[in-house]
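Q:
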Amino acid sequence: MTTTTATDTTVTPTDTAARPGLSTQISDFARKNMGQAGPLADKAKGFAKQRPAATATLVGVVGLAILNTLRGRR
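The opening residue of the sequence shown carries number 1 in full-length UniProt numbering; numbering runs sequentially from there.
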């Protein structure tokens with residue numbers, strides 16, 4: 001643990017001794033849940049693989065809609 005004085009401007013992290021294993025719990029949660037896509041993303045990937053022309057058309061239409069929306073803004 002570090003000791004700070006009134007003139008010290010460094011910020012120290014909180015004492016992890018009060019909560020042992022917290023960083024391990026957080027990293028385990030992130031490793032388990034962050035690498036997985038949801039069921040909606042799986043459906044979208046399947047659709048894109050089965051129908052590449054429809055996917056390209058959809059992306060083009062959505063892109064034009066966004067450009068037209070942003071065109072009038074200054």
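Glycine included, each C-beta is placed from N, C-alpha and C at the ideal position.
#1: Mark Asn68 as exposed unless 16 or more other C-beta atoms lie within 10 angstroms of its C-beta, in which case mark it buried.
#2: My guess is that Arg47 and Thr57 are in contact by the Cβ rule of under 8 Å, so how many angstroms apart are they, rounded?
#3: Please state the DSSP three-state secondary structure of Gly38.
#4: In whole angstroms, give me the CA-to-CA distance for Lys49 and Lys43.
#5: The alpha helix (DSSP H) that contains Arg71, what's its start and end?
A: So, from the data block:
#1: exposed
#2: Strictly speaking, residue 47 in this sequence is Phe, with Arg absent from that position. Wrong, their Cβ atoms sit about 12 Å apart, outside the cutoff.
#3: coil
#4: 10 Å
#5: Pro52 to Arg71
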